[in-house]
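The structure appears right after this line, and notes come after that.
Number of protein chains: 2
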Amino acid sequence: MNNPNIVILGAGYGGMMTTTKLQKSLGANEANLTLVNINDYHYQATWLHENAAGTLHHDRTRIPIKEIVNTTNKINFIKDKVISIKPAEKKVKLENSEIFYDYLVIGLGFELATFGIPGIEEHAFKIENINSARLLREHLDYNFAKYHDEQKKREARLNIVIGGGGFTGIEFAGELANRIPELCEEYDIEKAQVRIINVEGADTVLPGFDPQLVNYAMNSLEARGVEFITGAMLKECKAASIVYEKDEKQVEIPTMTTVWTAGVKANSIVEKSGMETNRGKVEVRKDMRAPDYDDIFVIGDCAVIMDQESGNPYPPTAQIAIQQSNVVAHNVKSLINGGEMEEFEPNLLGTVASLGNNDAIGMVMNNRKLFGWKATVMKKVIDNRYLFKLGGISLLMRKGKFNPFY
Amino acid sequence: MNNPNIVILGAGYGGMMTTTKLQKSLGANEANLTLVNINDYHYQATWLHENAAGTLHHDRTRIPIKEIVNTTNKINFIKDKVISIKPAEKKVKLENSEIFYDYLVIGLGFELATFGIPGIEEHAFKIENINSARLLREHLDYNFAKYHDEQKKREARLNIVIGGGGFTGIEFAGELANRIPELCEEYDIEKAQVRIINVEGADTVLPGFDPQLVNYAMNSLEARGVEFITGAMLKECKAASIVYEKDEKQVEIPTMTTVWTAGVKANSIVEKSGMETNRGKVEVRKDMRAPDYDDIFVIGDCAVIMDQESGNPYPPTAQIAIQQSNVVAHNVKSLINGGEMEEFEPNLLGTVASLGNNDAIGMVMNNRKLFGWKATVMKKVIDNRYLFKLGGISLLMRKGKFNPFY
Chain V
0 MNNPNIVILG AGYGGMMTTT KLQKSLGANE ANLTLVNIND YHYQATWLHE
50 NAAGTLHHDR TRIPIKEIVN TTNKINFIKD KVISIKPAEK KVKLENSEIF
100 YDYLVIGLGF ELATFGIPGI EEHAFKIENI NSARLLREHL DYNFAKYHDE
150 QKKREARLNI VIGGGGFTGI EFAGELANRI PELCEEYDIE KAQVRIINVE
200 GADTVLPGFD PQLVNYAMNS LEARGVEFIT GAMLKECKAA SIVYEKDEKQ
250 VEIPTMTTVW TAGVKANSIV EKSGMETNRG KVEVRKDMRA PDYDDIFVIG
300 DCAVIMDQES GNPYPPTAQI AIQQSNVVAH NVKSLINGGE MEEFEPNLLG
350 TVASLGNNDA IGMVMNNRKL FGWKATVMKK VIDNRYLFKL GGISLLMRKG
400 KFNPFY
Chain P
0 MNNPNIVILG AGYGGMMTTT KLQKSLGANE ANLTLVNIND YHYQATWLHE
50 NAAGTLHHDR TRIPIKEIVN TTNKINFIKD KVISIKPAEK KVKLENSEIF
100 YDYLVIGLGF ELATFGIPGI EEHAFKIENI NSARLLREHL DYNFAKYHDE
150 QKKREARLNI VIGGGGFTGI EFAGELANRI PELCEEYDIE KAQVRIINVE
200 GADTVLPGFD PQLVNYAMNS LEARGVEFIT GAMLKECKAA SIVYEKDEKQ
250 VEIPTMTTVW TAGVKANSIV EKSGMETNRG KVEVRKDMRA PDYDDIFVIG
300 DCAVIMDQES GNPYPPTAQI AIQQSNVVAH NVKSLINGGE MEEFEPNLLG
350 TVASLGNNDA IGMVMNNRKL FGWKATVMKK VIDNRYLFKL GGISLLMRKG
400 KFNPFY
């Protein structure tokens, strides 16, 4: 009898952790394990804003897949792009091949949602993956370099507009506030000439976060030159400006750098596969399987789980994806070897948002508020804990974030 | 009686060395010395190709003027742009002021000449000053970063065309050949995807240079991936391609990076001043003064001196400009204090072209040919010697190029 084929799509937090767990728990004779990913590396999506700002090199953020999984023996790794999933045929179409599965784990992550705002797709920069993050870093450098090479100086080169005051937008603003003085030094520009402008549609940035912590974050960032425009909707992004509307008035800011951080959605391949979706995401069963398919698991940003208490979905965080991978790996093994199916129960450990400059805010277990250096320590603990789980002490030592002072 | 006003325009090789020499030879009570420059720094124009390729940081190439001349006491430094020179009124118009002189030294350097080739002005990159050199560096980074961020891959982002196989073009090609492997590593690009193409109008690169050395240089660069197209004229530069004509056929190469190194002319302010010029340059008298004005000296790229033997002008090199500064400084002092006027006699010590990668070619005194590491040593000796002359041992230690092996 042939071994069953387990195919894992996507090497993000969920797919990667599922892979490493199955690698440990399943013998090579029990199943064929195949990981498919568009790149030959995994990356920490929660660090991309640092790569984009230029405060952390992208090679710190990414990890070659072959350094984590044993691709010589137990696991097949296919570097390719997923084109479509055909659940009825138990088949996945890749750009260069087709593969069949007995069990499928979909962890294809998010895409940006632009809500149809004109020009975002063409002109805005994105903090979406390694490619888009380092492009943004180079775009900033290029514009600062270009400033003094033009006869007519253009403030559009030095204004940076961040669309969206959610986690990514705020964390990016914080890193940028750290980076700007270095860019100014490099390209002979006065710091006062540079503007970092955060535009958020809600009445406050980080909506839903504790107001005291939001206040702390805004003060910290404003002190380092970040401007906030809340209750303002982006109306159009152009090559050299952005238009927003606030109090029924439209305002145009000259900028060649609009960074879009205001919306994500599930990878559209999931919706196109014909599976039942809720706003593009698969509302998975308690054992993390798709409602209509007993052989398909969905994890991370492509899945949605409702919190019965609040009536809202659990947030699409790395933390949740990693927790889900425990259940997915366990249940895949159970389906193959026999055994009980587990149910996913989220354990919300808290959230920390970095503000750059060794500052951060966070809510941790039991609704405890954290800010300042204590929150930055917690942030590093979370990041380092993940690296340890993913690749043990050697990965932690290579990629971890350590601070000599605490 | 008032002290005479000496005004030196431009802090390039000629202006800078004239300033430091006059600072030493003239007492503070003998004259007012004013240096005017568009930037508050001097730079080694002969190192700009390294800044542009990204193999040497531009801060190694530039030197704050206040670190070389004593601007607190003996010398007035005005950071401003020269708009025009009015010899009849003994006046120089700057962007923000007007200054009068008794003695004027014009060392305003070169401008690029595009010979009317369509699109060069708008689309080609230049290795002209610190601003344009670091812009080119960032442009290369940006295009390599953009390559993988686009759905449709564009070879125009990875083709680099250098227009001109003179000194700058060849030296830049050599540095670029060093830099490309690093850029490929940084942006996940295969080295074989990148092309460096040098297009030269003459039948050989480095026309006028010893054929054996030219051959050596071409072999060295070809071995590192540089392609040469000689006997080819650039016809048009577009945003994403360049057209050249060879053997009566036009060829279009997709590229977003055309680097124009094929022509320089004297700063056009000189011609517009109404002084008699020869192809934009002032054919100075033997004492380095303009033919029609006893109070105006012209130095470096704005001046031309014919070699009576060959009938050709001496080349517009840093070496010649530095030698001229001895005569100019001496003669300015003679005009003020009385004394003999000296005549300029060039002492052609030789020329070395760097090829990157610790390789170089050179012709030195007595027509001795040099290549390989010996030529690179000679190149460093020349550069370091200049720094020592300009700012003594402390400047040499800070900015000099040293190699631990020789």
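Protein sequence lines correspond, in order, to chains V and P.
0 is the number of the first residue of the first sequence in numbering that gives the first Met the number 0; add one for each residue after it.
0 is the number of the first residue of the second sequence in numbering that gives the first Met the number 0; add one for each residue after it.
Even glycine gets a Cβ: it sits at the ideal position worked out from N, Cα and C.
Along the length of the region 160-218 of chain P, whole beta strand (DSSP E) runs at least 3 residues long occupy 194-198, reported in chain order. Within the DSSP bridge table, the entry for ASN31 of chain P names P:ASN4 as partners. Nearest C-alpha to ILE268 of chain P among P:ILE105, P:GLY310, P:ASP209 and P:LEU205: P:ILE105. Against chain P, a Cβ distance below 7 Å from LYS145 of chain V picks out LEU134. SER324 of chain P and MET16 of chain P have their alpha carbons spaced roughly 6 Å apart.
ALA261 of chain V and GLU66 of chain V have their C-alpha atoms spaced approximately 33 Å apart. Residue burial is scored here from C-beta neighbours: ILE392 of chain V has fewer than 16 other C-beta atoms within 10 angstroms and is therefore classed as exposed. Residue environment for ILE82 of chain P: exposed (fewer than 16 other C-beta atoms within 10 angstroms of its C-beta). In this structure, GLU342 of chain P keeps its C-beta atom at 8 Å or more from the C-beta atom of ASP293 of chain P. A direct Cα-to-Cα measurement between VAL68 of chain V and THR19 of chain V gives close to 6 Å. Inter-residue distance for ASP306 of chain P and GLU344 of chain P is about 10 Å (C-alpha atoms, whole angstroms).
Using a CB distance cut-off of 8 Å, HIS138 of chain V counts as an interface residue toward chain P.
If you ignore the 5 residues before and after LEU107 of chain V, its C-beta comes within less than 7 Å of the C-beta of LEU8, GLY9, VAL81, ASN266, ILE268, VAL269 and CYS301, all in its own chain and listed in chain order. In this structure GLY165 of chain V does not touch LEU212 of chain V by the C-beta definition: roughly 14 Å separates them, more than the 8 Å allowed. Residue contact with chain P for ASN383 of chain V: absent (no Cβ-Cβ distance below 8 Å to any residue of chain P).
Under a 10 Å Cβ-count criterion, PHE227 of chain V is classified as buried, with 16 or more other Cβ atoms of the shown protein chains found around its own Cβ.
Every beta strand (DSSP E) stretch that sits fully inside the region 287-323 of chain P and reaches 3 residues is listed by chain position as 295-297. Taken through DSSP and simplified to helix, strand or coil, GLY13 of chain V comes out as helix.
TYR42 of chain P is outside the set of residues whose beta carbon lies under 8 Å from a beta carbon in chain V.
The Cβ-Cβ distance between LYS85 of chain V and LYS92 of chain V falls below 8 Å. Interface residue (Cβ-Cβ distance to chain P less than 8 Å): TYR141 of chain V is classified as such.
Within chain P, the residues ASP148 have their CB atoms less than 7 Å from the CB of SER131 of chain V, given in chain order. Bounds of any beta strand (DSSP E) do not take in VAL269 of chain V; it lies within the alpha helix (DSSP H) bounded by 267-271.
Nearest to LYS90 of chain V by alpha-carbon distance, out of V:ARG284, V:ARG288, V:SER272 and V:THR276, is V:SER272. Among the bridge pairs identified by DSSP, PRO253 of chain P is matched with P:SER240. Going by DSSP, HIS41 of chain P is part of no alpha helix (DSSP H) but of the beta strand (DSSP E) stretching over 40-42. Here the region 375-385 of chain V does not lie against the region 218-232 of chain V, with fewer than 3 beta-carbon pairs under 8 Å apart. When the beta-carbon positions are compared, GLU247 of chain P and ALA231 of chain P stay at least 8 Å from each other. In the DSSP assignment, LEU233 of chain V is bridged to V:TYR243. Take HIS122 of chain P, set aside five residues on each side of it, and the residues of its chain with a beta-carbon closer than 8 Å to its own are CYS236, LYS237, ALA238 and THR257, in chain order.
Closest by C-alpha distance to GLU174 of chain V, out of V:VAL303, V:ALA155 and V:SER219, is V:SER219. For PHE143 of chain V, the enclosing alpha helix (DSSP H) stretches over residues 129-146. Contact between the region 153-160 of chain V and the region 188-197 of chain V is established, with three or more Cβ pairs separated by less than 8 Å. Beta bridge pairing from DSSP links ALA359 of chain V with V:SER353.
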